[in-house]
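Worksheet for the structure shown next.
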Amino acid sequence: MKNTNQYPVAKKIAKELTIHNDTRIDNYYWLNDKENLEVIEYLNAENAFTKSVLKHTEEFQKTLFEEMKGRIKEDDTSVPYKLNGYWYLTKYETGKDYPIYVRKRDTLDAEEELLFDCNGMAKEHSYFNLGGISISPDNKLAAFSTDTVSRRQYTIQVKNLITGEIYSDKIVNTTGSATWANDNKTLFYAMKDEVTLRSHKIYKHKLNAANDSDEVVFHEKDETFNTFIYKTKSKKYLVIGSSSTLSSEYRFLNADTPDGDFKIFQKRTKDLEYNIAHYNESFYIISNIDNATNFKISTCNETNTGKAFWKDVIPHRKSVLIEDIEIFKDYLIVNERENGLNNIRIISWDKKEDYYLPFNSETYTTYIGNNPDFDSDLLRYGYNALDTPGSVIDYNLKTKQSEVKKEQEILGGAFKKENYESKRIWATASDGVKIPISLVYRKGVKLDGSNPVLQYAYGSYGSTIDPSFSSVRLSLLDRGFIYAISHIRGGEYLGREWYEDGKLLNKRNTFTDFIDCSRCLIKKKYTSNKHLYAYGGSAGGLLMGSIINMNPELYNGILAAVPFVDVVTTMLDDSIPLTTGEYDEWGNPNHPEYYSYMKSYSPYDNVEAKNYPNMLVTTGLHDSQVQYWEPAKWVAKLRELKTDSNKLLFHIDMDSGHGGASGRFESLKELALEYAFLLDLEGICG
């Protein structure tokens, strides 16, 4: 490695990659080896360069960090929920980074029982995450999981909640979740493939037995599927699920007989997606059967579960996407989406009631909360908006009265909801389709093109980015930024077809939609290309890489977090975590049609000798979702070819993975770095 003009320059070692009679030359393939000391040296050099370039902002970063941290209540407690006779709470204490899990028996006035104090558990680790906690039916044991590397490979252990003893059972390389049978001694879990990290086997573990005696009860051999296990809310059945992007399959077994054989619910069928829930000797199914693009709800009895026996409960509606259901003893709750907006529908089993909870804004988010108690008359849901902090609300299904259990408290005294405004506008895409954009800003903004705008989007996997409140975002809004969420194709904001139109051979719609939203924001004078910034992470980082290859002149700056930018190489390597399960999202480049299309937009393959915006790229060395070498190679190639003098900075967290740093406040330091980068470009450092 040599140094030119102080920024790191990675050496070039040409590697030929040939398929379908097409050869790509990858000069930075060698960075794909974190055991190579020269690779680590290069990454450390990039970190040092970023630190030197932003050194003048270090005090400002500290100011931003303290400002963002100062809005968050440190000594905080979650809203309690009741499960099997106990109230469960999560607490945070002043000066501590990690949560404390406790419970109280019968009433909230009862003595507090400590379950887990993650602050003590995290002491010896630079990264720590407590995964799933699963309480045994008799309330005496807790299966819990931990990840201390940040590759989402969890170790499951069992704690005796009466004595405090942690048993010798130790199961490594799992997804982190565990499910108890009703006998309080049989535990089911999903194991990951050690190379690809695909969850591929369901095991049965007997308490205090040696791990090598654990029995494989299901092996998912199809490399495009992942498997998982859970127990129905009714507690009657254990359910093994297998899912790919476009298909699913379930097996079920009475939880009282864990040594029995699982029965297939409905055999997997190409393009048939379904989920199941259980109630009162019947199953309820959300599926896309019979061309129900936006899904419908059906039911069947416990004996005949194949699709031939499914009977409609809520039929398919072209304009309404069914996202989820929640089952209570007297009510069916349906989470729907229409015209991009969340709705909560309440239907009594006796069919005497069928209505929606009222919401009036166009930029709100609502969701069904944690409702583990099957016999409850209280529906817990959440609500927030771009300009409104979140609330947890209990709605009494019998009396129809609502009680706000908790409102997000914004400390510091400066925040007043009435100082902000949120709205939704619509951009016109190049093919005539209308693209919604949610906006939030301080009141009094003048549409003269001078405002800095941070435009965010994701646009993949059908994942919908709802317009939700963020207290840390206030550090941008209060300094004049407008925040925009572009609800581009590839998500499901406007229904399932919105997703279908932004995947596979339609993927370019995702990128052109974002660009057309950018042009709309400029045309309507919310901003100009001198003040427009774009932000995306993971698959949203792919979006960032594509838009700057297509229209770099529209943006003054780019934030690309853990970006998926070397699409072709990654999708051709089936040893990389997630690859095989993603063929239904991106296509399989082993087929010429998908290879050519993918290559046409892959950011790394399309870097050219031209001007690019200012850029800050971030990643984690242990990332299991998007490997660190993708952004490393991309940055190296951009450094080689770009013709401008704009900033190109690369920050690597050497201790974390895809989700960033652990600890409640540690992640704010990276956010402060990103915000300082943006604000510095705007000449705002105070």
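Residues in the sequence shown are numbered consecutively from 1, following full-length UniProt numbering.
For each residue, glycine too, the CB sits at the ideal point set by N, CA and C.
Note that this is a predicted model, so its numbers are computed, not measured.
If you draw a straight line from the Cα of G413 to the Cα of A457, it is about 31 Å long. In the assembly as shown, I166 is an exposed residue. Its beta-carbon has fewer than 16 other beta-carbons within 10 Å.
Three or more Cβ pairs closer than 8 Å define a contact, and the segment 390–407 falls short of that threshold against the segment 482–497. Listed in chain order, the non-local C-beta contacts of Y583 below 7 Å within the same chain comprise T224, local neighbours out to five positions each way being set aside.
L476: member of the alpha helix (DSSP H) spanning 474–477, first to last residue.
Between L649 and F49, the gap from beta carbon to beta carbon is short of 9 Å. Under the DSSP assignment, E112 falls in the beta strand (DSSP E) whose first and last residues are 112–117. Counting along the chain, L130 sits inside the beta strand (DSSP E) bounded by residues 129–135.
Residue pairing by DSSP places N254 opposite Y237 in a beta bridge. Distances from the CA of R317 to each of R337, N275, L332, F309 were compared; the closest alpha carbon is that of R337. About 5 Å separates the Cβ atoms of F283 and C300, confirming a contact at the 8 Å cut-off. Ranked by Cα distance from L543, the first of S518, N549, F511 is F511.
Cβ contact annotation for Y555 (same chain, cutoff 6 Å, sequence separation greater than five): L532, A534, P613, in chain order. Between V626 and S538, the C-beta gap is smaller than 9 Å, which places the two residues in contact. DSSP lists D324, I344 as the beta-bridge partner residues of N335. With fewer than three CB-CB distances shorter than 8 Å, the segment 230–248 does not count as touching the segment 160–174. In its chain, beyond the 5 residues on either side, N451, V453, L521 have a beta carbon closer than 6 Å to the beta carbon of T527. Under the DSSP assignment, M654 falls outside any beta strand (DSSP E); it carries neither an H nor an E label.
In this structure, DSSP gives H20 a state outside helix and strand, which the three-state scheme calls coil. Listed in chain order, the non-local C-beta contacts of T388 below 7 Å within the same chain comprise K417, F469, local neighbours out to five positions each way being set aside. Counting other Cβ atoms within 10 Å of its Cβ, Q401 stays below 16 and is therefore classed as exposed. DSSP places I435 in the strand class (E or B) of the three-state scheme. Taking the CA atoms as reference points, H591 sits about 26 Å from E249.
By the neighbour-count criterion, in which 16 or more other beta carbons inside 10 Å mark a residue as buried, L43 falls on the buried side. Between L64 and Y675, the C-beta spacing is below 9 Å. Apart from sequence neighbours up to five positions away, the residues of its chain that approach N339 with a beta-carbon distance below 8 Å are S319, L494, ordered along the chain. Per DSSP, the continuous beta strand (DSSP E) segment holding C300 begins and ends at 296–301. By alpha-carbon distance to I558, the top candidate from L616, V568, S596, I576 is L616. Counting only the Cα atoms, L108 lies some 43 Å from G540. By the Cβ-count criterion, L321 is buried, with 16 or more other Cβ atoms from all chains shown falling within 10 Å of its own Cβ. Setting aside the 5 residues that flank it on each side, R479 is surrounded in the same chain by L679, I684, each with a C-beta closer than 7 Å to its C-beta; the list follows chain order.
For the 9 Å CB-CB criterion, Y383 and Y356 do not form a contact. In the structure shown, Y594 falls within a helical segment according to DSSP collapsed to helix, strand and coil. Its Cα nearest to that of I548, the residue L638 stands out among S430, H219, L638, L572. In this structure, DSSP gives K525 a state outside helix and strand, which the three-state scheme calls coil. For S667, the enclosing alpha helix (DSSP H) begins and ends at 666–681.
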